[in-house]
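Working notes, beginning with the structure itself.
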Amino acid sequence: MLDVQAGDEQSFALLLHRYRTPLVNFLYRMVRNREQAEDLAQEVFLRVYRAREDYVPSAKFTTWLFRIATNLALNSVRDNRYQRMEISLDAPLTADAEDGEEKKLDVAEMHPNIEQHLIEETRRKMIRRAIEKLPEKQRAAVLLHKYQELDYGEISKILECSESALKSLLFRAYETLRVELAPLVAQRAVR
Amino acid sequence: MESKILGYMDGRLKEGERLEMEKHLSTCAVCQLRVNEFRAVHVLLDELPMIEPSAAFDVRMQARVAAEPAKQNWWAWFASSPRVAFAASMLVAAMVWVGSQTADTPLNAGDIDKINQNMSVLENYDVISDFAPLSDLPQPVQADDTSDTKPNQQM
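Chains A and B are the protein sequences, given in the same order.
To convert, count from 1 in the first sequence and add 1; that's my numbering.
To convert, count from 1 in the second sequence and add 19; that's my numbering.
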């Protein structure tokens, strides 16, 4: 980031290449829409680019990056909630329409392992839904903890809360996931 | 103990806390089950596949960055406007020249000696020019007044 600050455009391209996939995945799991996640990720990188001259390396770059991303995602989730409230009940969203990466199986995909494939897909859908059901701040905490592997100090800075509040938030989130995924958890826990 | 279960799972407890936790887990079936279930949740979350940004992501990003207005400082502004830079430098040079013309030049030793030699004359001039009794003297006689005296002389 310091090279980017010094005006090195090549370093910005490297930064983009390194962080775009984790950022898009984080945002996708936050907002549940692939196109919107990419738009938000672009907005994050643009803000980083605009703020490059004022960047002070007082915190880790990932903390700064995901703080911008989390704020944008939380705002977007709240905006979407209000938009959904305005959508007519006559035209509800289908599950497939909400899940950008899910698609209906066509005949060409009817291979011999279709049963196994369907089981796996059902499990994934269940896990995805369990994450989506979490309140947005708990969801952000779990995603940063589980997928970005950030430590408690970094996540608490991103979510602007104390470390003890974060631990409590994470515990409640994992408790909810444990209950929501109980059938799958039981299978694994007894292994 | 609940608050330490996640830290224990993550391996982020201090040595003493970890030993204390393990001692507790060896006697508490509820907490042991909870740890196992949380570990199972962790593994289940790994089943979600990662998605890759679309092929257009980088292209769009580069276009948006290129469209950003470049931040320019004063020197960059001068560099992009050579005429303005030339006019500004001429103005500064003119101001310096005018300032040098009007500024008091310091006296050298020769000038000071000359002033000291003439100091008595200068002092006398100052005294005389401000001497009050001299200002009470009648005005000097005009040249025309001489014609008025001629008839008397004839008488």
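Each residue gets a CB set at the ideal place from its N, CA and C atoms; glycine is no exception.
Quick caveat: nothing in here was measured; it's all calculated off a predicted structure.
8 Å Cβ cutoff met for residue 69 of chain A and residue 35 of chain A: no
Residue nearest to residue 57 of chain B in terms of C-alpha spacing, selected from A:149, A:66, A:143 and A:156: A:143
Counted within 10 angstroms of its Cβ, other Cβ atoms place residue 146 of chain A as buried (16 or more) or exposed: buried
Interface flag, residue 34 of chain B vs chain A, CB-CB below 8 Å: Taking Cβ atoms only, chain A never reaches closer than 8 Å to residue 34 of chain B, which makes this a no.
Beta-carbon proximity check, residue 132 of chain A vs residue 125 of chain A, cutoff 8 Å: no
Every unbroken alpha helix (DSSP H) within the region 25-59 of chain B, with a cutoff of 4 residues, ordered by chain: 34-44
Segment contact flag, the region 36-51 of chain B with the region 60-70 of chain B, C-beta cutoff 8 Å, min 3 pairs: no
Spatially closest choice to residue 83 of chain B from A:33, A:45, A:19 and A:182, by CA coordinates: Selected option, being the one with the closest Cα: A:45.
Alpha-carbon to alpha-carbon, residue 86 of chain B and residue 41 of chain B: 57 Å
Residue 176 of chain A versus residue 41 of chain A - alpha carbon distance: Taking the Cα positions, residue 176 of chain A is about 29 Å away from residue 41 of chain A.
Cβ neighbour criterion (16 or more within 10 Å) applied to residue 153 of chain A: By the 10 Å Cβ count, residue 153 of chain A comes out buried.
CA nearest to the CA of residue 61 of chain A, picked from A:134, A:119, A:163 and A:157: A:157
Own chain, CB closer than 8 Å to residue 130 of chain A, minus 5 neighbours either side, in chain order: 181
Listed by chain order, chain B residues near residue 43 of chain A by CB distance under 9 Å: 76, 79, 80 and 83
Identity of the residue in A:67, A:161, A:188 and A:51 nearest residue 23 of chain A by Cα: Closest by alpha carbon: A:67.
Interface residues of chain B facing residue 67 of chain A [CB-CB closer than 8 Å]: Correct list: empty, because the minimum Cβ distance to chain B is about 16 Å.
Alpha helix (DSSP H) runs wholly inside the region 147-187 of chain A, at least 4 long, in chain order: 153-159 and 164-181
Top-ranked residue by Cα proximity to residue 67 of chain B, from A:127, A:138, A:163 and A:174: Closest option to residue 67 of chain B, judged by alpha-carbon separation, among A:127, A:138, A:163 and A:174: A:127.
Cutoff 7 Å; reference residue 149 of chain A; Cβ partners in own chain excluding five residues on either side: Closer than 7 Å at the Cβ level, and outside the excluded window around residue 149 of chain A, lie 23, 27 and 67.
Chain B contact for residue 99 of chain A (CB, 8 Å cutoff): Because the pLDDT of residue 99 of chain A is 44, which lies under 50, any placement of that residue in the model is unreliable, and the number read from its coordinates should be weighed accordingly. No, residue 99 of chain A does not count as interfacial toward chain B.
Cβ shell of residue 99 of chain A (< 7 Å), same chain only, five flanking positions each side left out: Residue confidence for residue 99 of chain A is low, a pLDDT of 44 falling below 50, so the modelled location carries little weight and cannot support an answer.
Anticipated Cβ contact below 8 Å, residue 137 of chain A with residue 57 of chain A, distance rounded: The pair is not a contact, with the Cβ atoms about 28 Å apart (cut-off 8 Å).
Contacts that residue 22 of chain A makes with chain B (C-beta to C-beta distance below 9 Å): 69, 70, 71 and 72
Residue 71 of chain B and residue 172 of chain A closer than 8 Å at C-beta: no
Within 8 Å, strictly: CB atoms of residue 1 of chain A and residue 25 of chain A: Examination of residue 1 of chain A is not possible in this model, given that chain A is present from 2 through 192 alone.
8 Å Cβ cutoff met for residue 54 of chain B and residue 28 of chain B: yes
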